[in-house]
Structure formats: structure tokens, C-alpha cells
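Q:
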Amino acid sequence: MSRIVMGIESSCDETGVGLVRLHDDGTVELLADEVASSVEQHARFGGVVPEVASRAHLEAMVPTAQRAFATAGLELSDVDAIAVTAGPGLAGALLVGVSAAKAYAAALGVPLYGVNHLAGHIAVDTLQHGPLPAPALALLVSGGHTQLLRVDDIAGKITEIGSTVDDAAGEAYDKVARLLELPYPGGPPIDKAAKNGDPTAIAFPRGMTGPRDARFDFSFSGLKTAVARWVEAAQRRGEEIPVDDVAASFQEAVADVLTAKAVRAATESGIGTLVISGGVAANSRLSSLAAERCEAAGIELRVPRPRLCTDNGAMIAALGAHVVAAGCAPSSLDFSANPALPVSTVSL
Amino acid sequence: MLVLAIDTATLAVTAGVVSVDRETGAARPLAERVTLDARAHGELLTPHVLDAVGDAGHGLADLDAIACGVGPGPYTGLRAGMVTAAALSHSLGVPAYPVCTLDAIAASAEPGEPFRVLTDARRREVYWADYDAEGRRLDGPHVDKPAELTPAARVLDHEQPTPLGIVEAAKAAILSGAQPDPLTPLYLRRPDATEPGTRKRVSTS
Numbered sequence: 203m204s205r206i207v208m209g210i211e212s213s214c215d216e217t218g219v220g221l222v223r224l225h226d227d228g229t230v231e232l233l234a235d236e237v238a239s240s241v242e243q244h245a246r247f248g249g250v251v252p253e254v255a256s257r258a259h260l261e262a263m264v265p266t267a268q269r270a271f272a273t274a275g276l277e278l279s280d281v282d283a284i285a286v287t288a289g290p291g292l293a294g295a296l297l298v299g300v301s302a303a304k305a306y307a308a309a310l311g312v313p314l315y316g317v318n319h320l321a322g323h324i325a326v327d328t329l330q331h332g333p334l335p336a337p338a339l340a341l342l343v344s345g346g347h348t349q350l351l352r353v354d355d356i357a358g359k360i361t362e363i364g365s366t367v368d369d370a371a372g373e374a375y376d377k378v379a380r381l382l383e384l385p386y387p388g389g390p391p392i393d394k395a396a397k398n399g400d401p402t403a404i405a406f407p408r409g410m411t412g413p414r415d416a417r418f419d420f421s422f423s424g425l426k427t428a429v430a431r432w433v434e435a436a437q438r439r440g441e442e443i444p445v446d447d448v449a450a451s452f453q454e455a456v457a458d459v460l461t462a463k464a465v466r467a468a469t470e471s472g473i474g475t476l477v478i479s480g481g482v483a484a485n486s487r488l489s490s491l492a493a494e495r496c497e498a499a500g501i502e503l504r505v506p507r508p509r510l511c512t513d514n515g516a517m518i519a520a521l522g523a524h525v526v527a528a529g530c531a532p533s534s535l536d537f538s539a540n541p542a543l544p545v546s547t548v549s550l
Numbered sequence: 029m030l031v032l033a034i035d036t037a038t039l040a041v042t043a044g045v046v047s048v049d050r051e052t053g054a055a056r057p058l059a060e061r062v063t064l065d066a067r068a069h070g071e072l073l074t075p076h077v078l079d080a081v082g083d084a085g086h087g088l089a090d091l092d093a094i095a096c097g098v099g100p101g102p103y104t105g106l107r108a109g110m111v112t113a114a115a116l117s118h119s120l121g122v123p124a125y126p127v128c129t130l131d132a133i134a135a136s137a138e139p140g141e142p143f144r145v146l147t148d149a150r151r152r153e154v155y156w157a158d159y160d161a162e163g164r165r166l167d168g169p170h171v172d173k174p175a176e177l178t179p180a181a182r183v184l185d186h187e188q189p190t191p192l193g194i195v196e197a198a199k200a201a202i203l204s205g206a207q208p209d210p211l212t213p214l215y216l217r218r219p220d221a222t223e224p225g226t227r228k229r230v231s232t233s
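If you're matching them up, the sequences are chains A and B in order. The first sequence runs 203 to 550 under the numbering used here. The second sequence runs 29 to 233 under the numbering used here.
1) Just to make sure I have the definition right: I need the residues of chain A whose C-beta is within less than 8 angstroms of the C-beta of B/GLU153. Which are they?
2) Could you tell me whether any Cβ in chain B is nearer than 8 angstroms to the Cβ of A/ASP215?
3) Kindly give me the distance between the Cβ atoms of A/VAL222 and A/ALA519, rounded to whole angstroms, as I take these residues to be in contact under 8 angstroms.
4) Can you list the residues of chain A that B/THR74 reaches, using a CB-CB cut of under 7 angstroms?
5) Would you say A/THR427 faces chain B, with C-beta separation under 8 angstroms as the test?
6) Counting along the chain, where does the alpha helix (DSSP H) carrying B/PHE143 start and finish?
7) Taking 8 angstroms as the CB-CB cut-off, is B/HIS86 touching chain A?
8) Have a look at A/ALA238 and A/ARG417 and give me their C-alpha separation to the nearest angstrom.
9) Determine which residues share a DSSP beta bridge with B/ALA43 and list them.
10) Are the CB atoms of B/PRO123 and B/ALA93 within a distance shorter than 8 angstroms?
11) Is there at least one Cβ from chain B nearer than 8 angstroms to A/ASP253's Cβ?
12) Compare the C-alpha of A/LEU260 against each of A/GLU216, A/PHE406, A/GLY529 and name the closest.
13) Give me the Cβ distance between A/SER212 and A/LEU342, rounded to the nearest whole Å; I'm assuming they're in contact under 8 angstroms.
14) Against chain A, with Cβ distances strictly below 8 angstroms, would B/ALA114 count as a contact?
15) Determine the DSSP secondary structure at B/GLU138, reduced to helix, strand or coil.
16) For chain A, is any of its Cβ atoms less than 8 angstroms away from the one on B/LEU78?
17) Could you give the C-beta distance for B/ILE131 and B/ALA197, rounded to a whole number, given that I count them as a contact under 8 angstroms?
18) For A/CYS595, report the span of its alpha helix (DSSP H) as first-last.
19) Going by DSSP in three states, A/ILE356 sits in which element: helix, strand or coil?
20) Buried or exposed, going by whether 16 or more other CB atoms sit within 10 Å of the CB of A/MET553?
21) Between the stretch 205 to 224 of chain B and chain C, which residues of the former have a C-beta closer than 8 angstroms to a C-beta of the latter?
22) With a Cβ-Cβ cutoff of 8 angstroms, do A/GLY409 and A/LEU384 count as a contact?
23) Span of the alpha helix (DSSP H) holding B/THR112?
24) Determine, using beta carbons only, whether A/GLY291 and A/ASP376 come nearer to each other than 8 angstroms.
25) Output yes or no for whether 8 angstroms exceeds the beta carbon distance between B/GLU141 and B/ARG182.
26) Return helix, strand or coil for A/TYR306, following the three-state DSSP convention.
27) With a CB to CB cut of under 7 angstroms and the five nearest residues on each side skipped, what residues in its chain are close to A/ALA436?
28) To which residues of the same chain is B/HIS69 closer than 6 angstroms at the C-beta, ignoring the five residues directly before and after it?
29) Would you list the residues sitting across from A/THR366 in a DSSP beta bridge?
30) Would A/SER423 and A/ASP368 qualify as a contact pair, given that the criterion is a beta-carbon distance under 8 angstroms?
31) Is B/HIS69 helix, strand or coil by DSSP?
32) Which partner residues does B/ASP158 have in the DSSP bridge list?
33) Closer than 8 angstroms, CB to CB, is A/ALA539 near chain B or not?
34) Name the chain A residues that come within less than 7 angstroms of B/VAL111, Cβ to Cβ?
35) Could you tell me which uninterrupted alpha helix (DSSP H) segments, each at least 4 residues in length, are contained entirely in the stretch 236 to 313 of chain A, listed from first to last along the chain?
36) Output the boundary residues of the beta strand (DSSP E) element that contains B/PRO126.
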């Protein structure tokens with residue numbers, strides 16, 4: 203008998219409620235994916251303000267859940283299990299989703315699973331591309347995370363191979379966008395400007411690619427500073443900033459390092475599947491370069507559609523479904539959100 | 029009728045069940061679970077709700093209404109109580125009534141002379157409201173430094189509301205059968221956030 207899993211996400215600035223159906227054969231079908239975003243409230247601050255995000259989650263939580271059930275044509279009583287993001291994320295934001303999930307689980311008398319947000323970004327791919335081969339490699343790139351992960355079991359065994367030592371890739375996009383006087387969040391406007399620019403116009407540095415650097419770690423802070431220096435020097439010379447070329451050259455540096463390290467990690471470990479997910483996965487150059495390099499290396503590339511890549515409740519429902527299917531024990535109702543939950547903890 | 033009381037606006041994690049007589053309005057506390065730990069709102073509230081309802085000899089499905097403190101409160105945990113009340117209301121199909129947490133404390137005041145309710149707002153400030161001799165709120169809620177307040181005839185310094193106080197403060201609305209007001213938090217403060225100024229240069233020359 204198929205089971206309905208409700209997923210609740212509130213780790214950053216999106217309030218998400220997703221509903222999926224776990225079929226007997228282990229496949230997971232998306233039924234609803236409703237998101238309320240507070241991104242516009244953060245734009246003038248140039249980044250996510252935790253208190254603003256938390257306030258928005260409280261307002262949006264139940265209305266978002268109501269929309270999800272309406273979209274799916276389901277009743278609350280149809281739910282068989284609930285999954286919620288337990289971390290990592292902003293403490294005050296996580297608290298809202300976790301508290302709501304506990305109340306729903308108690309009222310409906312169904313098991314609750316506190317799950318890992320990062321694992322959710324990988325699990326969401328199964329909604330679009332079906333079961334994930336094991337092992338798989340995942341490149342997770344967003345405003346808060348940049349990680350290379352080895353996935354032996356989406357419901358239980360995920361190992362970090364590398365991560366950023368400073369800024370997340372999406373953070374570098376936001377900072378460079380601000381430098382170029384482009385709007386927040388920086389990903390879409392830089393991607394758009396880059397389409398008209400020359401990616402070879404400026405040779406920006408490729409962070410953490412020296413012979414002594416950690417082979418699978420990333421750094422984007424130096425790149426951001428290099429872009430700032432280049433722009434300031436041009437301003438000093440009284441030149442007009444070639445925004446399109448700067449955007450294209452910056453984007454090329456980011457996509458180059460991310461894809462080179464991901465493909466190298468997969469090749470060296472003999473892994474045949476690469477999943478790229480997280481908000482930055484929507485970047486056109488990252489996906490085109492990844493496709494090119496994966497094809498050359500004989501690696502299957504899976505990139506969920508942009509709507510699934512950004513934070514949402516469907517990814518948490520999808521992960522919850524895999525955790526349920528694996529027969530994992532539910533979380534106790536007194537668990538606390540963990541802002542620093544390691545990716546190795548897929549469910550609590 | 030059976031009313032669930034919730035408040036997380038203070039350092040207490042408060043859940044309780046109160047029976048209210050539909051005819052007379054008489055309210056009687058049946059069970060409660062309270063833990064003083066400002067960091068445990070998210071962990072303990074739902075377990076406290078289940079334990080209190082169980083102790084009262086009932087299940088969640090027996091509840092007729094929820095009364096929930098909406099602050100003012102300085103803790104991020106305020107939202108834990110409110111979203112719990114909202115989600116229970118949604119999933120149980122019962123109304124959730126907002127209660128100013130200071131009113132819930134005031135509901136426990138001995139009658140007599142006018143009084144003020146004060147709670148800790150942290151950052152060396154207090155939340156306060158003034159009430160008349162019958163416990164009707166005349167002024168507030170506000171957040172201020174204690175030194176800025178005018179003297180009050182009587183100050184009630186209970187640090188958190190009781191489940192009975194929460195339900196008493198919501199009782200008129202509950203018994204009226206009217207659509208509850210939305211669960212809107214009383215933050216009284218703007219989020220701490222400043223818009224970025226001019227970007228700092230990274231070049232030294």
C-alpha cells in the first residue's frame with residue numbers, strides 16, 4: 203500500500219510544505235510542492251536576516267500547508283508520516299518548522315522524522331529522475347552550502363568529501379552582484395549578464411587548485427576579492443566597468459572549479475553518477491560545463507529542474523519517503539533542531 | 029468544553045488543559061506541564077501538550093479550543109508556541125484564540141486596586157501593561173526601560189502566565205463562539221538589521 207509523506211522545510215528564507223506518495227516499489231511521486239519565500243524582505247539588507255526569516259516562517263507555515271493539501275487534493279488524515287528539516291540552517295527559522303511538524307505529527311498520530319536539509323537537496327532528484335544509483339556523487343551548491351558528498355545510501359550513508367573553506371558559491375554570487383550593482387540574490391542577474399559577456403575576458407583565480415591545496419575543498423573568498431580589486435582598479439583608471447565581461451569571467455571561474463573538482467572526485471572514486479543540486483544548480487554555465495565534462499568523463503549527470511533545486515518542502519518529503527522506505531526509526535517528539543547538523547546524520 | 033492553553037512568551041514552556049463550563053463560564057484547570065527553560069520551547073512544548081492532555085484523561089481529539097499566548101516575549105521560542113497552536117488548530121479543526129501574555133498574567137491578579145504587569149524583555153527592558161481594578165487593560169503592551177516608567181500603584185511580577193490565566197483571558201472570545209482573531213505575535217520591536225552602507229574597498233592603494 204502506498205504511503206503519503208508530508209515534508210516541512212524552514213531552514214532559511216523559504217517556508218516549504220511538500221507532499222509525496224511513496225509507492226510499494228520504492229519510487230517516490232511528487233504530489234504538491236508549495237513554497238512561501240521571504241526573499242524580497244531580505245533584498246534591501248543584501249542577505250538573509252534571521253529574525254525577518256523566522257517571522258515570515260511563522261506567518262506562512264499553516265497557509266503553505268493548507269495550499270499543499272489543496273493542490274494535492276488530499277486531507278490531513280491521508281498523511282502517513284511527516285518529515286521536517288532538523289538542520290543545518292538558521293536556529294530561529296528551523297525552530298518554526300520543527301515545532302509545527304511536531305504538532306502536526308501529534309495531532310495526526312503519525313511518526314515524525316527530523317531529517318537533514320543537505321540530504322534533502324540530493325533526495326529531491328529522485329522525484330524527477332527516479333532511484334539514485336549507489337554510490338553517487340553529489341555537488342551541493344547554494345547560498346549557504348558548497349559541498350561534495352559521496353552518497354552510498356540516501357536514507358542513511360552520506361559522507362562529505364570536500365566543502366568550501368570560506369564563502370559558499372551562492373554567497374560569492376551575492377557579493378559580486380552587489381559589487382556590480384546588480385540586484386540580490388545575485389545568481390540570476392549575474393547569469394543573465396554573463397550571457398552577453400566574454401568568459402575569457404578576465405583571468406580570475408581558481409581558488410584551492412594549487413598542488414598543495416585540499417583536492418576536493420573549495421574557496422570563493424579570494425575570487426570575490428579578486429573581482430573587487432579588478433573593478434576598483436578599472437574605476438581608478440576612470441573606465442566604465444564591463445559588467446557583462448566581469449560577470450561572465452567570474453561565473454566561468456566558479457563553474458570551472460566546481461565542475462573540475464566534482465568530475466575528478468567521481469572519476470577517482472569510480473563513481474558513475476553526479477547529482478548537482480542546491481540553488482546555484484540553476485546556473486546555466488554550471489550545468490552546461492558540468493554536462494560537457496561529465497560526458498567527456500563518461501559520468502551520468504543529474505540536475506533536478508530549478509524549482510526542485512532551491513529550498514522547498516518536496517525535497518524534505520522525498521527524503522522522508524526514502525527514510526520511511528528504509529525502515530528507519532522515527533525521531534522522538536522532544537528532539538531539538540540542530541543548526542550545525544552534520545551531513546552524515548541523515549535522520550535523527 | 030475542553031481548552032488547551034499554550035504559552036512560550038516567557039522562559040517557561042507552558043501547556044495545560046482547562047475545562048470551561050459553557051453555561052456558567054466557570055474555568056477549572058485539569059492538568060498542566062510547565063518547564064522553566066528558555067532554550068527548550070521547541071523541544072518540550074508538544075511533549076508537554078500530549079502529557080497534559082493525557083493527564084487530564086483525554087486525547088487531542090477531545091479538545092474544543094486552543095488559547096495561545098502571543099507575547100510580547102523576548103525569546104525566539106515565542107514562535108514555537110504560536111506555530112504549535114496554529115498547526116494543532118489546522119490539524120484538529122478547532123479554533124485557536126490569541127491571548128496577550130500580559131493579559132494572561134493579569135487574569136491571575138487578586139481583585140482590588142489597579143495594577144501593572146511587568147515581564148522581562150531582556151536587553152535591560154521590560155514589557156508592561158496597566159490594568160484597572162477589574163483587570164481590564166488600560167494601557168499597553170509596551171516595551172521600555174524600567175527607569176522610564178511612571179510609578180504604578182501595584183505591580184504584579186508573576187514571571188509567566190498559568191494555563192488557567194491564559195484561558196481566562198481568552199474565555200469571552202471562546203464562549204462567544206466568534207471566529208478567533210488571527211494569531212498575530214506581539215513583537216513590539218523591529219528586527220535587528222541594518223541596511224548595508226557603502227561597500228568597503230578591498231584595494232589598499
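Using N, Cα and C, we set each Cβ at its ideal position, and we do this for glycine too.
A: Taking the geometry as given:
1) Within the second sequence, numbered from 1, the residue matching residue 153 of chain B stands at position 125. In chain order: nothing, as chain A lies at least about 16 angstroms away.
2) Taking the first sequence and counting its residues from 1, the one referred to as residue 215 of chain A is at position 13. Answer no: the Cβ-Cβ gap between A/ASP215 and chain B never drops below 8 angstroms.
3) Start at 1 with the first residue of the first sequence, and residue 222 of chain A comes out as number 20. Start at 1 with the first residue of the first sequence, and residue 519 of chain A comes out as number 317. Correct: roughly 4 angstroms between the Cβ atoms.
4) Looking up residue 74 of chain B in the second sequence gives position 46. The answer, in chain order, is LYS304, ALA305, ALA308, LEU535.
5) Here residue 427 of chain A corresponds to residue number 225 of the first sequence, with the count starting at 1. So, interface residue.
6) For the purposes of this step, residue 143 of chain B is identified with residue 115 of the second sequence, where counting begins at 1. Counting along the chain, B/PHE143 falls outside any alpha helix (DSSP H), though it belongs to the beta strand (DSSP E) covering 143 to 150.
7) The count along the second sequence starts at 1 and reaches residue 86 of chain B at position 58. Taking Cβ atoms only, chain A never reaches closer than 8 angstroms to B/HIS86, which makes this a no.
8) What you label residue 238 of chain A is simply residue 36 of the first sequence in a count that begins at 1. What you label residue 417 of chain A is simply residue 215 of the first sequence in a count that begins at 1. Approximately 38 angstroms, taken between the alpha carbons.
9) The sequence position of residue 43 of chain B within the second sequence is 15, counting from 1. Paired residues: B/ILE34, B/ARG61.
10) By 1-based counting over the second sequence, the position of residue 93 of chain B is 65. By 1-based counting over the second sequence, the position of residue 123 of chain B is 95. Yes, they are a contact pair.
11) On the first sequence, residue 253 of chain A is found 51 positions in, with the first residue counted as 1. The sequence given here has Glu at residue 253 of chain A, not Asp. Yes, contact with chain B.
12) Numbered from its first residue, the first sequence carries residue 260 of chain A at position 58. Here the closest residue by C-alpha is A/GLU216.
13) Counting from 1 along the first sequence, the entry for residue 212 of chain A is found at position 10. Counting from 1 along the first sequence, the entry for residue 342 of chain A is found at position 140. With a Cβ gap of about 18 angstroms, A/SER212 and A/LEU342 do not count as contacting.
14) Counting from one through the second sequence, the residue named residue 114 of chain B turns up at place 86. Interface residue, yes.
15) Translated into positions along the second sequence, residue 138 of chain B becomes position 110. Three-state DSSP puts B/GLU138 in coil, outside helix and strand.
16) Here residue 78 of chain B refers to the residue found at position 50 of the second sequence. By this cut-off, B/LEU78 is an interface position.
17) As a working note, residue 131 of chain B is residue 103 in the second sequence. As a working note, residue 197 of chain B is residue 169 in the second sequence. First, the residue type needs correcting, since residue 131 of chain B is Asp and not Ile in the sequence shown. The Cβ separation is near 4 angstroms, so the contact holds.
18) Here chain A covers residues 203 to 550 and nothing more, so residue 595 of chain A does not appear.
19) Indexing the first sequence from 1 puts residue 356 of chain A at position 154. Coil at A/ILE356, not helix or strand.
20) Within the shown structure, residues of chain A are numbered from 203 to 550, placing residue 553 of chain A beyond reach of any answer.
21) In summary, chain C is missing from the structure at hand, where the protein chains are A and B.
22) Reading the first sequence from its first residue, position 207 is the one you call residue 409 of chain A. Reading the first sequence from its first residue, position 182 is the one you call residue 384 of chain A. Their beta carbons are not under 8 angstroms apart, which means A/GLY409 does not touch A/LEU384 by this criterion.
23) To locate residue 112 of chain B, count along the second sequence from 1; it is residue 84. Where B/THR112 is concerned, the enclosing alpha helix (DSSP H) stretches over 106 to 120.
24) Here the question's residue 291 of chain A lines up with position 89 in the first sequence. Here the question's residue 376 of chain A lines up with position 174 in the first sequence. The answer is no: Cβ separation not under 8 angstroms.
25) One-based indexing of the second sequence puts residue 141 of chain B at position 113. One-based indexing of the second sequence puts residue 182 of chain B at position 154. Yes. Within cutoff.
26) Stepping through the first sequence from its first residue, residue 306 of chain A is reached at position 104. Of the three classes helix, strand and coil, the one that applies to A/TYR306 here is helix, per DSSP.
27) Position 234 of the first sequence, counting from 1, holds the residue named residue 436 of chain A. Excluding positions up to five away in sequence, the list reads ILE443.
28) By 1-based counting over the second sequence, the position of residue 69 of chain B is 41. Cβ neighbours of B/HIS69 beyond the five flanking positions: THR36, VAL41, GLY105, ALA108.
29) Stepping through the first sequence from its first residue, residue 366 of chain A is reached at position 164. For A/THR366, which the question treats as bridged, DSSP gives the partners A/PHE420.
30) As a first step, residue 423 of chain A must be located in the first sequence, where it is residue number 221. As a first step, residue 368 of chain A must be located in the first sequence, where it is residue number 166. Contact flag set, yes.
31) Looking up residue 69 of chain B in the second sequence gives position 41. Three-state DSSP puts B/HIS69 in a helix.
32) Position 130 of the second sequence, counted from the first residue, corresponds to residue 158 of chain B. According to DSSP, B/ASP158 bridges with B/ARG144, B/ASP167.
33) Residue numbering aside, residue 539 of chain A sits at position 337 when the first sequence is read from its first letter. Yes, contact with chain B.
34) Within the second sequence, numbered from 1, the residue matching residue 111 of chain B stands at position 83. Under the 7 angstroms cutoff, chain A gives LEU260, MET263, VAL298, SER301, ALA302.
35) 241 to 245, 252 to 274, 293 to 310
36) Translated into the one-based positions of the second sequence, residue 126 of chain B becomes position 98. Here the beta strand (DSSP E) through B/PRO126 covers 124 to 127.
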